[in-house]
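In my numbering, the protein residues as written are 13 to 419. Using N, Cα and C, we set each Cβ at its ideal position, and we do this for glycine too. Everything on this sheet refers to the single structure shown next.
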Amino acid sequence: MAARRILLIIAGGIAAYKSLELIRRLKERDLAVRAILTKAGAEFVTPLAVASLAGEPVFSELFSLTDEAEMGHIRLSREADLVVVAPATADLLAKMANGLADDLASTALLATDKPVLVAPAMNPQMWQHPATLRNVAQLRADGVRVVGPNPGDTACGETGLGRMAEPDQIALAIEATLAIAGQPLAGLRALVTSGPTHEAIDPVRYIANRSSGKQGHAIAAALAAAGAQVVLVSGPVAEPPPADLRLIKVASAEEMLAACQANLPQDVVIGAAAVADWRVAARAPHKLKKAPGLASPRLELTANPDILRTLARPGPMRPALVIGFAAETEQLLAHARAKLASKGCDWILANDVSTETGVFGGGHNTVQLVRGDAEPEAWPRSTKMAVAARLVAAIACHFESRRTAAA
Ligand code: CTP
Numbered sequence: 013m014a015a016r017r018i019l020l021i022i023a024g025g026i027a028a029y030k031s032l033e034l035i036r037r038l039k040e041r042d043l044a045v046r047a048i049l050t051k052a053g054a055e056f057v058t059p060l061a062v063a064s065l066a067g068e069p070v071f072s073e074l075f076s077l078t079d080e081a082e083m084g085h086i087r088l089s090r091e092a093d094l095v096v097v098a099p100a101t102a103d104l105l106a107k108m109a110n111g112l113a114d115d116l117a118s119t120a121l122l123a124t125d126k127p128v129l130v131a132p133a134m135n136p137q138m139w140q141h142p143a144t145l146r147n148v149a150q151l152r153a154d155g156v157r158v159v160g161p162n163p164g165d166t167a168c169g170e171t172g173l174g175r176m177a178e179p180d181q182i183a184l185a186i187e188a189t190l191a192i193a194g195q196p197l198a199g200l201r202a203l204v205t206s207g208p209t210h211e212a213i214d215p216v217r218y219i220a221n222r223s224s225g226k227q228g229h230a231i232a233a234a235l236a237a238a239g240a241q242v243v244l245v246s247g248p249v250a251e252p253p254p255a256d257l258r259l260i261k262v263a264s265a266e267e268m269l270a271a272c273q274a275n276l277p278q279d280v281v282i283g284a285a286a287v288a289d290w291r292v293a294a295r296a297p298h299k300l301k302k303a304p305g306l307a308s309p310r311l312e313l314t315a316n317p318d319i320l321r322t323l324a325r326p327g328p329m330r331p332a333l334v335i336g337f338a339a340e341t342e343q344l345l346a347h348a349r350a351k352l353a354s355k356g357c358d359w360i361l362a363n364d365v366s367t368e369t370g371v372f373g374g375g376h377n378t379v380q381l382v383r384g385d386a387e388p389e390a391w392p393r394s395t396k397m398a399v400a401a402r403l404v405a406a407i408a409c410h411f412e413s414r415r416t417a418a419a
């Protein structure tokens, strides 16, 4: 695959120095970076520093004869796979929200047909101003993605929301945006299990767990956004159904397995559901009643089918890539490797679900990707959406390299 290209627009803010670090992070990820430095941006970092790190000339002037001859602003904005504005000042966000084009940066942003990601950085009062909030809401509605700002001390001496996201955080958001841009999974069939299962005790009571379905739903949404044809088999959750996929709602593990099997064949299966390991052996047909002197009921449990193991079994219906999760509270990697082997899946995302991590029900996750004997890949703590996007990027790479090997 040719190196993917980022057009990085550096606007005028003290956070511009962090954009130099961002260029490094992007180059480490084999992304090509071409930069536009606004006039105000050049007050904070020099064109020479930006050009040296990017390894390409920096563009600043809308009407520079040389630049226009060699590279028009239209070409500049179109040759990129993604346009990133970091730092994005209140002024540039306002221009973008209103379609102004009075310098090279704003003109390129108006002329681009590529996804745009902005990393705002400004004084906390400016960020909270109704005008900025209005502009950011408009940009989100226009499909612009926003990373940060973060809380903390700002250069102007005030504390609040306004610090630009850290370079690693922006790099992750860039990877996520690239993963779902350009439909890299078009034509691929994917099935995702998500949420808890409910195992009935009687018609009104059940055994369940704390899974929210956030991670599974985020993965299904990211796969669909990347062009895959997605079936999401979900236990009972409060998460809204993601767009552009087929949602099958189930309650118990047995129903979940039946729904998965009814939807084979698939190219990829991702078991993100927290499937109950046991169900009540004999479900009461009527509500269990209590009465004075009557002993408390004793629940006899029986093992549920292992959905992941069943789907990963060798055979003509086995998906090409089977991915499971290992939710652990201790010995994370050892248990994850054991699960990879015992379930017969190809990859395992190991995540620490100890209570203090707040993974269950929370918006963030910290995972390690375990693939066969290779060194596990530890991903930094990030939103469940970013984890999903990174997983989708890994899946896209996997199928891309299989295609290349087969060609
Ligand atoms: N899984 C499944 N069916 C089950 C149990 C688990 O498909 N009956 C899947 C989960 O969706 C997950 C993986 O198996 O992808 C591991 O689930 P986890 O809860 O971490 O482990 P268990 O297999 O339940 O083992 P244990 O409870 O002993 O940790």
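- Taking 7 Å as the cut-off, one finds at least one heavy atom of ligand 1 near enough to the beta carbon of A265.
- For the 8 Å CB-CB criterion, L43 and R87 do not form a contact.
- Exclusion of the five residues before and after D180 leaves R37, P392 as the residues of its chain whose Cβ lies within less than 7 Å of its Cβ.
- In the structure shown, R291 falls within a strand segment according to DSSP collapsed to helix, strand and coil.
- Between the alpha carbons of A232 and E73 lies a distance of about 43 Å.
- Take A102, set aside five residues on each side of it, and the residues of its chain with a beta-carbon closer than 6 Å to its own are M134, M138, T144, in chain order.
- For W139, the uninterrupted alpha helix (DSSP H) segment begins and ends at 136–140.
- With respect to the 8 Å criterion, L352 and F337 are not classified as neighbours on the basis of their beta carbons.
- For the stretch 128–180, the full-length beta strand (DSSP E) segments reaching 3 residues or more read 128–132, 162–165, 171–175 along the chain.
- If you look at S64, you'll find it in the alpha helix (DSSP H) that goes 59–66.
- Sequence-distant Cβ neighbours of V243 in its own chain, meaning closer than 6 Å and more than five residues away, are L203, R258, N275.
- Assignment of K51 by DSSP, reduced to helix, strand and coil, places it in the coil class.
- Its Cα nearest to that of L320, the residue V287 stands out among V404, V287, I219, D114.
- When DSSP states are grouped into helix, strand and coil, S413 belongs to the helix group.
- Shortest gap from the CB of G247 to any heavy atom of ligand 1: 7 Å or more.
- Note that the C-beta distance between A408 and P196 is below 8 Å.
- When secondary structure is reduced to three states using DSSP, H229 falls in the helix class.
- Check the Cα spacing between K30 and each of A98, A92, V45: the tightest is with A98.
- Separation of A131 and D256 (C-alpha to C-alpha, rounded to the nearest whole angstrom) is 27 Å.
- By the criterion of at least three beta-carbon pairs nearer than 8 Å, the stretch 207–217 is not in contact with the stretch 51–71.
- For A348, same chain residues with a beta-carbon under 6 Å away, outside a window of 5 residues either side, are A338, I360, A362, V382 in chain order.
- A direct Cα-Cα distance of roughly 14 Å separates E91 from G194.
- Taking C-alpha positions only, T341 is separated from G370 by approximately 12 Å.
- L129 sits close to T189, with the two beta carbons spaced by under 8 Å.
- For A23 against T50, the beta-carbon gap comes to about 5 Å, under 8 Å, which counts as contact.
- By the 16-neighbour rule on beta-carbons within 10 angstroms, V95 is buried.
- Relative to the non-hydrogen atoms of ligand 1, the Cβ of K351 comes within a distance shorter than 7 Å of at least one.
- Looking from the CA of E68, the closest CA among G84, V45, H85, A54 belongs to V45.
- Contact between the stretch 112–125 and the stretch 144–154 is not established, with fewer than three Cβ pairs separated by less than 8 Å.
- Note that the C-beta distance between A185 and V159 is below 8 Å.
- Judged by DSSP in its simplified three-state form, A286 adopts strand.
- Membership of T124 in any alpha helix (DSSP H) is not indicated, and neither H nor E is assigned to it by DSSP.
- Between the alpha carbons of G327 and A405 lies a distance of about 27 Å.
- The closest heavy atom of ligand 1 lies less than 7 Å from the beta carbon of N316.
- Scanning G172, G373, I335 for the CA closest to the CA of V281 turns up I335.
- Looking at the DSSP output, G336 shares a beta bridge with G283, I360.
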